[in-house]
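A short worksheet on the structure shown next.
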Amino acid sequence: TILYIRPKPNEPPIIPYWIPLIGSAITMGIDPVKFYRENQKKHGNYFTYILLGRRMVTCLGSEGNNFVFNAKLADASAEDAYRSLTVPVFGEGVVYDVENSVLMEQKKFVKSGLSIKNLRAYVPMIQMETDNYLTRWNKKSGIEDVHNAMAELIIMTASRCLLGEEVRSKLDETFAQIFHDLDGGFKPINFLFDNLPIPSNKLRDEAHIKMRKFFMSIMQARREAGITDRTDVMEYLTTQCHYKNGRKLTDVESSHIMIAILMAGQHTSSTTTAWALLFLSEKPELFEKLRQEQIKVLGSLDVPLNYDALKQLTLHENVVREALRLRPPIIQIMRRVKKDLPIPQTNYVIPKDSFIQCVPTISARSEENFENAEEFNPNRWEVFDQQNKERDDDLIDYGFGQLHMASAKSPYLPFGAGRHRCIGEQFAYVQIKTIIATLVRKFDLELLNGKLPMCDFTTMIVQPKDSSLRYKRTNY
Ligand code: HEM
Numbered sequence: 067t068i069l070y071i072r073p074k075p076n077e078p079p080i081i082p083y084w085i086p087l088i089g090s091a092i093t094m095g096i097d098p099v100k101f102y103r104e105n106q107k108k109h110g111n112y113f114t115y116i117l118l119g120r121r122m123v124t125c126l127g128s129e130g131n132n133f134v135f136n137a138k139l140a141d142a143s144a145e146d147a148y149r150s151l152t153v154p155v156f157g158e159g160v161v162y163d164v165e166n167s168v169l170m171e172q173k174k175f176v177k178s179g180l181s182i183k184n185l186r187a188y189v190p191m192i193q194m195e196t197d198n199y200l201t202r203w204n205k206k207s208g209i210e211d212v213h214n215a216m217a218e219l220i221i222m223t224a225s226r227c228l229l230g231e232e233v234r235s236k237l238d239e240t241f242a243q244i245f246h247d248l249d250g251g252f253k254p255i256n257f258l259f260d261n262l263p264i265p266s267n268k269l270r271d272e273a274h275i276k277m278r279k280f281f282m283s284i285m286q287a288r289r290e291a292g293i294t295d296r297t298d299v300m301e302y303l304t305t306q307c308h309y310k311n312g313r314k315l316t317d318v319e320s321s322h323i324m325i326a327i328l329m330a331g332q333h334t335s336s337t338t339t340a341w342a343l344l345f346l347s348e349k350p351e352l353f354e355k356l357r358q359e360q361i362k363v364l365g366s367l368d369v370p371l372n373y374d375a376l377k378q379l380t381l382h383e384n385v386v387r388e389a390l391r392l393r394p395p396i397i398q399i400m401r402r403v404k405k406d407l408p409i410p411q412t413n414y415v416i417p418k419d420s421f422i423q424c425v426p427t428i429s430a431r432s433e434e435n436f437e438n439a440e441e442f443n444p445n446r447w448e449v450f451d452q453q454n455k456e457r458d459d460d461l462i463d464y465g466f467g468q469l470h471m472a473s474a475k476s477p478y479l480p481f482g483a484g485r486h487r488c489i490g491e492q493f494a495y496v497q498i499k500t501i502i503a504t505l506v507r508k509f510d511l512e513l514l515n516g517k518l519p520m521c522d523f524t525t526m527i528v529q530p531k532d533s534s535l536r537y538k539r540t541n542y
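Following full-length UniProt numbering, the numbering of the sequence shown begins with 67 at its first residue and continues without gaps.
This is the structure we're talking about:
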């Protein structure tokens, strides 16, 4: 029957499914990590599941990661996979609405805007925002939802650093609601269907227009005021950026790029921070170790944090790395294949128009690659770093201001790899480390019933289901 997908010769095995069209959407959606692990056991690193009539070819293990991340432009496209989800939110003329070469230039603009000079300026801003935010935790001990708290805090820190003080100052009024409505359009269903006529998409479209107008009015006001020594990314985009052909970014493009980086950074960073705090609460002795590390580097817990000190806070760094190993916010990386595509070293051929996806969290949580893989153990990274010091991979320049390993065979790739790799990694580390370092100066945290929360896989970014924690003020 036409409702069932007819297997093509040599395609990777299709996971059996009972309901036509829906396919494996339900079993996969409830717990994707379990679904991928079970099917990897049965079928190996390559298999296909059907999601609402689409072939989703899953590519696991380090080989699968490398196959997807390093797919050639002529073979597979990120734009074709992400367009319906992102273009209505970000707007036209940027990211997945342009050719890949233009995206590479746009990424380079943002990457250069996140210079070391600017990152240096962000640390005191983030510390101040965190200190101010935590005045809400004003009892000796109390219960707070740490994921909600981090989402509220990170929109403050990220908007201050990336979008500028004008946006930050409007957070309590107009901006928060616009962001909320726009964010409501960032839903898995919009990955599958173009412009569904649902109420959240209407709100999304109205919010997009409002946000663009808001950003453009700030750009105009800045031009009239003539001040140009700001360290935010908005300033950089509007005053410094030219395409290779000499054309300047228009204010519309700059606004759309700003929406894109806001969306790319907000949930990824806030859930990573929340998970890091949840894992720390599982091993409460680490709070004191983090404080001792700061005392060792800075002399005392009263000394303000700074960029150079942050670099030396290795345990803080490894806490974030380990949280990203166990709970990376993005678990599936998608591309759409443009032609029948053979998988190297196998007899499989992926049919044209299928989606391919890798799931780096599977290799990052496998015993093959990490001993006691399910345990949160930041110290494992000291050993890992020593073992991986010598890397002789060739480096590739995709043109977005960051050199890359020619292969993406590392089992640990929370920021992706290849031409679509994240450009926000350094900013994310600066932001998350500063928040954690500021918080542990004042508080210890405890899990309420001794157990970590489950994952909510229904959102675009994997979030904790209930992240209430008990905070206790320290004696420092
Ligand atoms: C791409 C993860 C924070 C901007 C990516 C990708 C991943 C990722 C996995 C690759 C997507 C793909 O290959 O399809 C993360 C994580 C973050 C984070 C885990 C925080 C913990 C940020 C921040 C920004 C940002 C703060 C902006 C300042 C971008 C951009 C891309 C990207 C522009 C490129 C998309 C492309 O080329 O297709 N990120 N990200 N990210 N990220 Fe991030």
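Ideal placement from N, C-alpha and C gives every residue a C-beta, glycine not left out.
All figures in this text were calculated on a predicted structure; none of them were measured in a lab.
Helix, strand or coil for residue i per DSSP?
{"i": "Pro444", "result": "coil"}
{"i": "Glu434", "result": "coil"}
{"i": "Asp451", "result": "helix"}
{"i": "residue 546", "result": "With the chain covering only 67 through 542, there is no way to say anything about residue 546."}
{"i": "Leu344", "result": "helix"}
{"i": "Ile293", "result": "coil"}
{"i": "Val415", "result": "strand"}
{"i": "Phe252", "result": "coil"}
{"i": "Pro394", "result": "coil"}
{"i": "Ile85", "result": "coil"}
{"i": "Gln529", "result": "strand"}
{"i": "Lys314", "result": "strand"}
{"i": "Cys424", "result": "strand"}
{"i": "Leu180", "result": "coil"}
{"i": "Glu383", "result": "helix"}
{"i": "Ile221", "result": "helix"}
{"i": "Phe523", "result": "coil"}
{"i": "Pro408", "result": "strand"}
{"i": "Val164", "result": "coil"}
Return yes when the C-beta of residue i is under 7 Å from any heavy atom of the ligand HEM, and no when it is not.
{"i": "Phe493", "result": "yes"}
{"i": "Pro395", "result": "yes"}
{"i": "Cys307", "result": "no"}
{"i": "Leu169", "result": "yes"}
{"i": "Pro480", "result": "yes"}
{"i": "Leu303", "result": "no"}
{"i": "Ile81", "result": "no"}
{"i": "Ser335", "result": "yes"}
{"i": "Ile399", "result": "yes"}
{"i": "Thr316", "result": "no"}
{"i": "Lys173", "result": "yes"}
{"i": "Thr525", "result": "no"}
{"i": "Gly465", "result": "no"}
{"i": "Leu248", "result": "no"}
{"i": "Gly490", "result": "yes"}
{"i": "Gly230", "result": "no"}
Out of the options, which one is the CA nearest neighbour of residue i?
{"i": "Arg529", "options": "Trp341, His274 and Arg296", "result": "Checking the sequence, you will find Gln at residue 529 rather than Arg. Looking at the Cα atoms, Trp341 is the closest of the given residues."}
{"i": "Val153", "options": "Ala147, Asp146 and Tyr162", "result": "Tyr162"}
{"i": "Leu269", "options": "Arg278, Leu248 and Ser320", "result": "Leu248"}
{"i": "Phe252", "options": "Ile327, Asn445 and Thr525", "result": "Thr525"}
{"i": "Asn76", "options": "Gln360, Thr427 and Asp406", "result": "Asp406"}
{"i": "Cys424", "options": "Asn132, Lys108, Pro79 and Ala389", "result": "Asn132"}
{"i": "Gly292", "options": "Val299, Val99 and Thr304", "result": "Thr304"}
{"i": "Met324", "options": "Glu441, Arg278, Ile428 and Ser335", "result": "Arg278"}
{"i": "Ser320", "options": "Lys499, Glu348, Leu126 and Glu158", "result": "Glu158"}
{"i": "Glu232", "options": "Arg202, Met282, Asn198 and Gly208", "result": "Met282"}
Nearest-angstrom Cα distance between residue i and residue j?
{"i": "Cys488", "j": "Leu479", "result": "10 Å"}
{"i": "Ala194", "j": "Tyr112", "result": "Sequence inspection shows Met at residue 194; the Ala mentioned does not correspond to that position. Their backbone Cα atoms lie some 48 Å apart in a straight line."}
{"i": "Lys475", "j": "Arg289", "result": "46 Å"}
{"i": "Ile68", "j": "Gly119", "result": "In this prediction, Ile68 scores a pLDDT of 43, lower than 50, which makes its location untrustworthy; no coordinate-derived value is stated."}
{"i": "Gln306", "j": "Ile327", "result": "17 Å"}
{"i": "Ser336", "j": "Phe466", "result": "25 Å"}
{"i": "His382", "j": "Phe442", "result": "13 Å"}
{"i": "Gln453", "j": "Arg446", "result": "11 Å"}
{"i": "Ser473", "j": "Ile284", "result": "42 Å"}
{"i": "Leu379", "j": "Lys508", "result": "17 Å"}
{"i": "Phe436", "j": "Gly130", "result": "18 Å"}
{"i": "Ile182", "j": "Asp374", "result": "10 Å"}
{"i": "Ile220", "j": "Asp522", "result": "20 Å"}
{"i": "Lys177", "j": "Gly482", "result": "16 Å"}
{"i": "Pro79", "j": "Ile428", "result": "19 Å"}
Name the one or two DSSP bridge partners that residue i has.
{"i": "Thr114", "result": "Ile80 and Val123"}
{"i": "Phe259", "result": "BP columns for Phe259 are empty, so no partner."}
{"i": "Tyr537", "result": "Gly208 and Leu511"}
{"i": "Ser143", "result": "Arg402"}
{"i": "Met471", "result": "Leu461"}
Consider the C-beta atom of residue i and the heavy atoms of the ligand SAM; say whether any pair is separated by less than 7 Å.
{"i": "Gly110", "result": "Because the ligand SAM does not appear in the structure shown, any question about it cannot be addressed here, the ligands present being the ligand HEM."}
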